[in-house]
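These notes are about the structure you will find just below.
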Amino acid sequence: MSREESAAQARLREAAAARIRAARPELADAYDLASAEGLLAVRARIAEDTAAPEHLAAVVIGRFDLASWARATCEFALGLDPEQAAAWRRSFTRTVFLAGNPDNLRERFSFAHFADDGSAAWTDPGPAADSAGLRRLLKLFDGPRPLPVRADTVVEIPPRAGRRPDRPPVHRELHIAASGCRVSDALVHLNHLLAEAVLDGLIRPGDTLTIRHAPRLTGLTDRFAALRVDTDPTLPGRLRAAAGLTEEALLVPHHRP
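Written out as structure tokens, the structure reads:
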């Protein structure tokens with residue numbers, strides 16, 4: 260492995276460790292999160308930990324549009340109260356994606372957020388039993404097709420009416436590694452990345468995201484404020500950046516002549 264590859268792997272391990280510390284800080288002292296072996300051990304511990312109560316959100320998807328879904332995912336996470344957010348974070352923002360028409364379910368189930376175009380609806384994150392009825396009714400959303408590679412898409416997170424922003428709006432780029440990525444993979448990777456970026460304060464109302472596709476995100480990791488790290492299916496034992504959110508750039512307001 261070259262020096263550049265070793266440095267990239269260390270950066271990815273650092274990002275994976277930071278996610279574990281944010282969700283389950285009590286595990287940080289029990290494992291060597293700087294090593295690949297330590298990360299594997301803590302992942303196995305989390306998978307086997309039946310004592311930790313699991314909180315999850317369920318999302319009903321009628322039709323998938325990446326820009327609309329990304330915007331609504333951020334809005335949903337921004338609407339959580341601190342207690343909900345903390346419990347969901349301890350379960351690593353687990354989310355179950357279901358196939359169905361959200362409009363047909365409004366009267367039967369309680370949803371916390373609907374996408375503006377009605378394409379998707381979110382339940383509040385909570386104990387798995389809370390969404391058991393909905394999950395029994397609907398099938399898992401199956402997105403086996405490759406993620407369509409599109410031109411750069413700008414997504415604006417709406418400001419909150421009547422509320423002063425916490426800080427000036429910023430612009431970030433949202434990169435996703437499209438090579439070998441199915442729609443279902445993109446949902447998982449971007450859901451965790453965007454939701455946790457909101458909980459960390461990296462994305463706020465009024466911000467703008469530019470969604471960009473690339474075959475792989477090699478050579479770009481130093482630009483990212485947040486990374487979604489996954490195992491590399493082509494190189495056993497290696498990690499890869501599945502998606503990333505860049506450092507902020509202040510938005511320049513437009514002045515009318």
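Going by our numbering, the sequence shown runs without a break in its numbering and finishes at 516.
Here a beta-carbon is modelled for each residue, glycine too, at the ideal position from N, C-alpha and C.
Residue nearest to residue i in terms of C-alpha spacing, selected from the options
i, options, result
"LEU397", "ILE435, PRO464, GLY321, LEU406", "GLY321"
"ASP466", "ALA287, PRO418, ARG270, LEU399", "PRO418"
"ALA358", "ALA274, PHE368, ARG394", "ARG394"
"ARG365", "PRO492, THR332, VAL319, ALA331", "VAL319"
"GLY392", "ALA317, LEU337, LEU339, SER261", "ALA317"
"PHE335", "HIS451, GLU285, ARG404, LEU476", "HIS451"
"HIS448", "ALA420, SER294, PHE356", "PHE356"
"ARG348", "ALA282, PRO407, PHE400, TRP328", "ALA282"
"ALA275", "ALA295, ASP288, ARG262, GLU264", "ALA295"
Cutoff 7 angstroms: residue i Cβ touching any chain B Cβ
i, result
"SER261", "This model lacks chain B altogether; it includes just one protein chain."
Residues near residue i in its chain [Cβ-Cβ closer than 7 angstroms; skip 5 each side]
i, result
"PHE483", "GLY503, LEU504, THR505"
"ASP425", "ARG463"
As assigned by DSSP and simplified to three states, the class of residue i
i, result
"ILE435", "strand"
"ARG367", "coil"
"LEU461", "coil"
"GLY483", "Note that residue 483 corresponds to Phe in the displayed sequence, not to Gly. PHE483: strand per DSSP, three-state reduction."
"PRO474", "coil"
"LEU396", "helix"
"ARG243", "For the chain, the structure presents residues 260 to 516; residue 243 sits outside this window and is missing."
"VAL408", "coil"
Sheet register partners of residue i (DSSP bridge)
i, result
"TRP381", "VAL318, HIS372"
"ASP489", "ARG499"
"GLU415", "THR467"
Close Cβ partners of residue i (< 6 angstroms) along its chain, the five nearest in sequence each way excluded
i, result
"SER443", "GLY402"
"ARG280", "ALA287"
_Given 8 angstroms, three or more beta-carbon pairs between the stretch 372-385 and the stretch 293-313_ = no
Are three or more beta carbon pairs between the stretch 384-399 and the stretch 419-431 nearer than 8 angstroms? no
*Should the stretch 465-472 be regarded as contacting the stretch 408-420, the criterion being three or more beta carbon pairs within less than 8 angstroms?*
yes
### Task
Indicate whether the contact test is met: 3 or more Cβ pairs, each with one atom in the stretch 495-502 and one in the stretch 454-462, closer than 8 angstroms.
no
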